[in-house]
Amino acid sequence: MSTVGQREKLTQRRVVGLFRSTLKYDYLGDWTEREGNSNIEEDLLRKYLSGKYRAPLITRALHALRKAAGGASKSLYDRNRAVYTLLRYGVEVPPDIGRNVLRVWPIDWEHPEDNDFAIAEEVTVLPGTSTGHGKRPDIVIYVNGIALAVLEFQSCSL
1 MSTVGQREKL
11 TQRRVVGLFR
21 STLKYDYLGD
31 WTEREGNSNI
41 EEDLLRKYLS
51 GKYRAPLITR
61 ALHALRKAAG
71 GASKSLYDRN
81 RAVYTLLRYG
91 VEVPPDIGRN
101 VLRVWPIDWE
111 HPEDNDFAIA
121 EEVTVLPGTS
131 TGHGKRPDIV
141 IYVNGIALAV
151 LEFQSCSL
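Residue 82 in this note's numbering sits at position 82 of the sequence shown, with consecutive numbering throughout.
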């Protein structure tokens with residue numbers, strides 16, 4: 001039996017255990033075979049926002065986030081900056097035609113304990129273009145369904 005990668009897997013299991021038991025993150029599972037993985041897990045974000053906003057506002061906010069994150073015509077830097085702006089300063093959406101905009105907060109910065117924290121393993125992400133390559137980070141950390149951190153374990157020889 002090969003031992004290649006076993007140290008990394010052991011470390012990965014320990015880190016997941018730490019996030020689950022000590023930090024009380026929800027465990028989303030091993031997403032190696034799960035289809036439709038995304039940097040914005042809309043079902044999780046919609047669930048979080050549903051306790052704070054009406055459905056039409058949530059739909060408009062999700063659309064703005066998807067548009068900012070997926071704008072293939074923009075550089076990666078510009079997309080990251082646009083998403084950061086929406087996460088940090090809120091998503092401005094019109095509640096109805098002719099009314100002033102409201103701000104939808106995908107992350108509660110003032111009360112961090114009110115956010116939903118989750119962790120998933122082996123999140124397979126398909127390439128964004130036909131010439132791109134897919135990725136599978138070891139661990140992805142989600143806040144309210146938004147992927148905010150990626151952990152990748154590598155072995156090193158000393």
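Yeah, the Cβ is synthetic: ideal placement off N, Cα and C, and Gly gets one too.
First through last residue of the beta strand (DSSP E) which encompasses residue i
i, result
"Ile146", "Ile146 to Leu151"
"Ala118", "Phe117 to Glu121"
Burial state of residue i (16 or more Cβ within 10 Å)
i, result
"Ala161", "Nothing about residue 161 can be reported from this structure: the residues present for the chain run from 1 to 158 only."
"Asn144", "buried"
"Glu110", "exposed"
"Leu57", "buried"
"Ala147", "buried"
Backbone secondary structure at residue i - three-state DSSP
i, result
"Arg34", "coil"
"Val101", "coil"
"Glu110", "coil"
"Tyr48", "helix"
"Gly29", "strand"
"Glu92", "strand"
Chain-order list of residues whose beta-carbon lies under 8 Å from that of residue i (same chain, five-residue window excluded)
i, result
"Arg136", "Thr32, Glu122, Val123, Thr124 and Val125"
"Arg79", "Ala68, Ala69, Gly70 and Gly71"
"Ile40", "Leu62, Leu65, Arg66, Ala69, Gly145, Ile146 and Ala147"
Alpha helix (DSSP H) segment containing residue i, residue limits
i, result
"Leu76", "Leu76 to Tyr89"
"Tyr142", "Per DSSP, Tyr142 belongs to no alpha helix (DSSP H); it is in the beta strand (DSSP E), Ile139 to Val143."
"Leu10", "Gln6 to Gly17"
Chain-order list of residues whose beta-carbon lies under 6 Å from that of residue i (same chain, five-residue window excluded)
i, result
"Val91", "Ala61, Ala64 and Val104"
Own chain residues within Cβ distance below 7 Å of residue i, not counting five before or after
i, result
"Phe153", "Glu8, Thr11, Gln12 and Asp138"
Bridge-paired residues (DSSP) for residue i
i, result
"Ile40", "Ile146"
"Lys135", "Val125"
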